[in-house]
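See below for the structure under consideration.
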Amino acid sequence: MKFEKLLDEIPKLINGIDDNEFITKVSSNKWSKQEILGHLCDSAVNNHSRFVRIILTEEPISIDGYKQDEWVRIHDYQNNYSKSDLLTLWIQLNKQILNVIRNASELDFNKQCILSDKSRVTLCWLFDDYLSHMLHHIKQIKS
1 MKFEKLLDEI PKLINGIDDN EFITKVSSNK WSKQEILGHL CDSAVNNHSR FVRIILTEEP
61 ISIDGYKQDE WVRIHDYQNN YSKSDLLTLW IQLNKQILNV IRNASELDFN KQCILSDKSR
121 VTLCWLFDDY LSHMLHHIKQ IKS
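Under the UniProt record's numbering, the sequence shown has 33 at position 33, and the numbering climbs by one with no breaks.
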């Protein structure tokens, strides 16, 4: 499974980045690599809840977005976490998602939810979107 591979590879990537490089902000309005990883933790929290709600509900649920910049600001990932602690959090949150996804049935993957723009997507689509979003930000961390 692609997701399991990421859970193995991303910690190696993060641990290979110098601590000073990891916390450096290229500008005041851009996230540091540390803040990007914090954002990925916020994404995991939000999506875990979405995935569980979809699986446990028969009717399509509505999914709202969240204020990602404010989430990063209020957690203050730049100053309140070490790289190690943040990486541990990211790993544990995604292991929790992995367990949910592993326990989802084919029927669950076909359940729908309603996005904020009123379009309907399946759990399968939403999980794939979660992975794409993660990969987008991992590219930013690599650069």
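Cβ atoms here follow ideal geometry from the backbone N, Cα and C, with glycine treated the same way.
By alpha-carbon positions, which one of the options ends up nearest to residue i?
i, options, result
"Phe109", "Ile74, Lys142, Ile55, Ser28", "Ile55"
"His75", "Val45, Leu13, His137, Gly16", "Val45"
"Lys2", "Glu106, Ser105, Ile101", "Ile101"
"Asp129", "Phe51, Ser27, Arg73, Glu9", "Phe51"
"His136", "Val26, Pro11, Leu37", "Leu37"
"Leu7", "Lys25, Gln140, Trp90, Trp71", "Trp90"
Is it buried or exposed, residue i, if we count other Cβ atoms within 10 angstroms and call 16 or more buried?
i, result
"Ser77", "According to the sequence as given, residue 77 is Tyr; it is not Ser. So Tyr77 counts as buried."
"Lys30", "exposed"
"Asp19", "exposed"
"Ser119", "exposed"
"His39", "buried"
"Val72", "buried"
For residue i, list the residues DSSP reports as bridge partners.
i, result
"Thr122", "Gln112"
"Ile61", "Cys113"
Going by beta carbon distance, what residues of the same chain come within less than 7 Å of residue i, once the five residues before and after it are set aside?
i, result
"Tyr66", "Asn46"
"Ile17", "Lys33"
Would you mind stating whether residue i and residue j have Cβ atoms separated by less than 8 Å?
i, j, result
"Cys113", "Pro60", "yes"
"Ile14", "His48", "no"
"Leu126", "Cys41", "no"
"residue 215", "Leu87", "Since the first residue of the chain shown is 1 and the last is 143, residue 215 is not available in this structure."
Can you list, in chain order, the residues of its chain with a C-beta nearer than 6 Å to that of residue i? Leave out the 5 residues immediately preceding and following it.
i, result
"Ser116", "Asp64, Gly65"
"Ser23", "Going by the sequence as given, residue 23 is Ile instead of Ser. Ser32, Gln34."
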